[in-house]
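K.L.:
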DNA sequence: GTCCTGTGCG
DNA sequence: CGCACTGGAC
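In the working numbering, the protein residues as written are 412 to 764.
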């Protein structure tokens, strides 16, 4: 049993200097590089483990000989892929030192460069979004139970996330309200409530039958393992039925106010690839899963954009950069987009075969 | 008929 | 990977 909760008190894995907008003089540059496995049987952890020292804070630091300020956080390593890991380097000195150091069985990529013009693209999308009106305006669970005590608010956020997939915001909100009015928004109450009752209260959210069942299970787990609170780490959130990577990151963001990763859904996934913002490690191929996209995006996107990028691209994806027949003709950033007019163009220009 | 801000199963 | 789970909107 590894019930150890190494870091109940969450800290951001890496601190960014705030106020990067103002031209502060003393900011330390950060770099991320891939560490890639060559054909060696050992896992990344086995190789690096020797060098890892766990500090009391729960953060892990790597100290390699002759390298200062070389660190990675465990959160960076959550990746499912074992062939490539990312490492955060603080300071140019560390980068040059690491480049000269050989780690047996592994190769280092060049530091990941942000895609050219990404700031202009983001700006353009923001402008389009402020004029257009997309169904998504605010994340529903953001305000879920905002007037409740902290613990109950966190539970409300979790429930809201559980219900919200494939469900319109408004429907989700109504379901939460009904649960609240019936005092069924705590782990304790849901655990002892009838599943049929829950089912009828959350109707008509999508997949209400399964969600009612998941809700019961989640409440039970929260009650027995977390004293009615919700898990405070990504790993533990992912163990809950009905919580996948997308919602786990959302819950970390909103419930714990702890940005551990970008919340990537199909819109963020699709658009990031169209813009050429992400690729499979060390290649130029598109990413294949939202998880790959998340890792790739996190390599270069400044952390202050990690939260706003989701609603921004979701709205953009619903109105303009749609999955089928993207409306490149009215898109303000089509001249910066490598995929513009490339797929399934307008009806008039039916591609000849 | 097809499309959804996902997750879990085989 | 592909599909089911659900129902409403277009």
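Idealized CB from N, CA, C, for every residue including glycine.
Of all the options 620, 662 and 594, which has the alpha carbon lying nearest to the alpha carbon of residue 571?
P.N.:
The candidate whose alpha carbon is nearest that of residue 571 is 662.
K.L.:
Enumerate in chain order the residues of its own chain whose CB-to-CB distance from residue 687 is below 7 Å, with the five nearest sequence positions on each side excluded.
P.N.:
Within the same chain, residue 687 has close Cβ partners 526 and 749.
K.L.:
With three or more beta-carbon pairs closer than 8 Å as the criterion, would you say the stretch 640-653 touches the stretch 604-614?
P.N.:
No: fewer than three Cβ pairs fall under 8 Å.
K.L.:
In chain order, what residues of the same chain lie with their CB nearer than 7 Å to the CB of residue 674, ignoring the 5 residues before and after it?
P.N.:
Result list for residue 674: 657, 660, 661, 664 and 721, in chain order.
K.L.:
Is it the case that the stretch 526-538 contacts the stretch 707-723, given that we only count it when at least three CB pairs across the two stretches are under 8 Å?
P.N.:
Yes: at least three Cβ pairs fall under 8 Å.
K.L.:
Measure the C-alpha to C-alpha separation of residue 559 and residue 622 and round it to an integer number of angstroms.
P.N.:
Distance between the alpha carbons of residue 559 and residue 622: 23 Å.
K.L.:
Confirm, please, whether the CB-CB distance from residue 443 to residue 747 is below 8 Å.
P.N.:
No.
K.L.:
Is it the case that the Cβ atoms of residue 728 and residue 691 are separated by a distance below 8 Å?
P.N.:
Their beta carbons are not under 8 Å apart, which means residue 728 does not touch residue 691 by this criterion.
K.L.:
Tell me the DSSP secondary structure of residue 441 in three-state form.
P.N.:
Here residue 441 sits in strand by DSSP.
K.L.:
Among 597, 654, 643 and 616, which one has its Cα closest to the Cα of residue 631?
P.N.:
Checked all of 597, 654, 643 and 616; the closest Cα to residue 631 is 597.
K.L.:
Between residue 683 and residue 716, what straight-line distance do the alpha-carbon atoms span, to the nearest angstrom?
P.N.:
Cα to Cα, residue 683 sits roughly 14 Å from residue 716.
K.L.:
Could you tell me which uninterrupted alpha helix (DSSP H) segments, each at least 4 residues in length, are contained entirely in the stretch 612-700, listed from first to last along the chain?
P.N.:
Counting only runs of 4 or more, we get 619-637, 645-649, 656-666 and 677-685.
K.L.:
For residue 614 and residue 586, what's the separation of their Cα atoms in angstroms?
P.N.:
Cα to Cα, residue 614 sits roughly 7 Å from residue 586.
K.L.:
How long is the line joining the alpha carbons of residue 590 and residue 719, rounded to whole angstroms?
P.N.:
Distance between the alpha carbons of residue 590 and residue 719: 28 Å.
K.L.:
Can you name the start and end residues of the alpha helix (DSSP H) that residue 583 belongs to?
P.N.:
Here the alpha helix (DSSP H) through residue 583 covers 580-592.
K.L.:
Just to confirm, is the Cβ distance from residue 732 to residue 685 under 8 Å?
P.N.:
Closer than 8 Å, so yes.
K.L.:
Cβ atoms of residue 601 and residue 383: under 8 Å apart, would you say?
P.N.:
Given that the chain is displayed from residue 412 to residue 764, the structure contains no residue 383 and the question cannot be resolved.
K.L.:
Please name the residue, chosen from 744, 752 and 440, that lies closest to residue 506 on a Cα-to-Cα basis.
P.N.:
Taking only the C-alpha atoms, the option nearest residue 506 is 440.
K.L.:
Hey, could you find the ends of the alpha helix (DSSP H) residue 566 is sitting in?
P.N.:
Where residue 566 is concerned, the enclosing alpha helix (DSSP H) stretches over 561-575.
K.L.:
What three-state label does DSSP hand residue 503 in the structure shown?
P.N.:
It is helical.
K.L.:
Which of helix, strand or coil does DSSP assign to residue 753?
P.N.:
The answer is coil: DSSP assigns residue 753 none of H, G, I, E or B.
K.L.:
Using DSSP with H/G/I as helix, E/B as strand and the rest coil, what is residue 558?
P.N.:
Coil, per DSSP.
K.L.:
Taking a contact to mean a Cβ-Cβ separation below 8 Å, would you say residue 578 touches residue 617 in this structure?
P.N.:
In contact: residue 578 and residue 617 (Cβ atoms closer than 8 Å).
K.L.:
Cα separation between residue 765 and residue 679?
P.N.:
Because the chain spans 412 through 764 in this model, residue 765 falls outside it and cannot be assessed.
K.L.:
Count the other CB atoms, across all protein chains shown, that sit within 10 Å of the CB of residue 642; report buried if there are 16 or more and exposed otherwise.
P.N.:
Answer is buried; the Cβ neighbour count reaches 16.
K.L.:
Can you have a look at residue 671 and say buried or exposed, based on whether 16 or more other CB atoms are within 10 angstroms of its CB?
P.N.:
Buried is the call here.
K.L.:
Does DSSP classify residue 729 as helix, strand or coil?
P.N.:
Three-state DSSP puts residue 729 in a helix.
K.L.:
Just curious, the alpha helix (DSSP H) that residue 533 is in, first and last residue?
P.N.:
Segment 529-542, the alpha helix (DSSP H) holding residue 533.
K.L.:
Can you give the Cα-Cα distance for residue 520 and residue 712, rounded to whole angstroms?
P.N.:
Near 17 Å, if we compare the C-alpha coordinates of residue 712 and residue 520.
K.L.:
Give me the residue from 753, 745, 620 and 644 with the minimum Cα distance to residue 531.
P.N.:
The option with the nearest alpha carbon to residue 531 is 745.
K.L.:
Taking 8 Å as the limit between beta carbons, can you name the residues of its chain near residue 707, skipping five residues before and five after?
P.N.:
The answer, listed in chain order, is 683, 688, 689, 690, 691, 692 and 698.
K.L.:
Let's test the definition: count the other Cβ atoms within 10 Å of the Cβ of residue 612 and tell me whether it reaches 16, buried, or not, exposed.
P.N.:
Looking at its Cβ environment, which holds 16 or more other Cβ atoms inside 10 Å, residue 612 is buried.
K.L.:
May I ask which residues mark the beginning and end of the alpha helix (DSSP H) holding residue 602?
P.N.:
Counting along the chain, the alpha helix (DSSP H) containing residue 602 begins and ends at 598-603.
K.L.:
Go through its chain and collect everything with a Cβ distance to residue 523's Cβ below 6 Å, but skip five positions before and after it.
P.N.:
Result list for residue 523: 443, 710 and 711, in chain order.
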